[in-house]
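The structure under discussion appears below in the form of structure tokens.
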């Protein structure tokens, strides 16, 4: 009788667990995440491991939206750049390949409140024979290594928004433990220090030395920061220590439940034999 009850309980627990995975979740990340230029360097309130945690173990049909705030705390105008490097995509992370499509949307909103879409694709990834590309790597290759975001005045700021949506129909359960390791780094240089600056501080075609001539007509035009630029290096390396900790705790919990079940069954057998 006890064996039947235990089997029914385990079966019900597994059934409930499998049923929960069919509901799509919309996750939000980057609450309070900020990159600030102080005038002498760049500071951030997040690391790449925080980004990894936000997109780790997304289920088919789930989505995640990350928001990073940029702030110019310097006393002069600054030019901001972004480098979006993808370390591994959803398609080849942990050796998983093919079978799923996802939407990748990267946008920037300046101090005026106007959104500028940097990259957007309705179907990146998916089946290889469908000509849909190679996932997040395709998005990276379509952007320059560094691309210009905006010129921020003292005290102004902007927001970079990244949204990834997994397709719930074309992806299998193998995607639930994959990880898209996104590395989003930034560079800042003070206005007037870009290539073409003359010794007196003026620029060719701008003899009065006023600022603004170095700003590209197209904000997303290819442009590499100079050696005078300040780069944000604190987010380049992720620390997976807490991931390993949670994995170890999950393994220990599973082993404890298994041992408890075995001891309970042995105890039940002993009581049945004594009756």
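Numbering (this note's numbering), first residue to last: -11 to 263. From the three backbone atoms N, C-alpha and C, an ideal C-beta is built for every residue, glycine too. If you're wondering where the values come from, they're calculated on a predicted model, not measured in any experiment.
Compute the beta-carbon to beta-carbon distance between residue 22 and residue 32, rounded to the nearest angstrom, for a pair I have assumed lies under 8 Å. 7 Å
Got a sec, what are the start and stop residues for the alpha helix (DSSP H) residue 37 sits in? 36 to 43
What are the partner residues of residue 145, as DSSP defines its beta bridges? 59
Is DSSP giving residue 33 helix, strand or coil here? coil
Residue 59 versus residue 179: straight-line alpha-carbon distance, rounded: 15 Å
According to DSSP, is residue 248 part of a helix, a strand, or is it coil? helix
Assuming residue 30 and residue 250 make a contact with CB atoms under 8 Å, what is their CB distance in whole Å? Actually they do not touch by this definition, with Cβ atoms about 55 Å apart.
Residues of its chain near residue 141, where Cβ-Cβ distance is below 8 Å and the 5 sequence neighbours each way are ignored: 60, 65 and 99
If the criterion is Cβ atoms closer than 8 Å, does the pair residue 147 and residue 91 meet it? no
How close, in whole Å, do the beta carbons of residue 68 and residue 137 come, if the pair is a contact with beta carbons under 8 Å? 4 Å
Euclidean distance between Cα positions of residue 225 and residue 35: Because residue 225 carries a pLDDT of 35, less than 50, the predicted location of this residue cannot be relied on, and the following value inherits that uncertainty. Near 7 Å, if we compare the C-alpha coordinates of residue 35 and residue 225.
In whole angstroms, give me the CA-to-CA distance for residue 238 and residue 248. 15 Å
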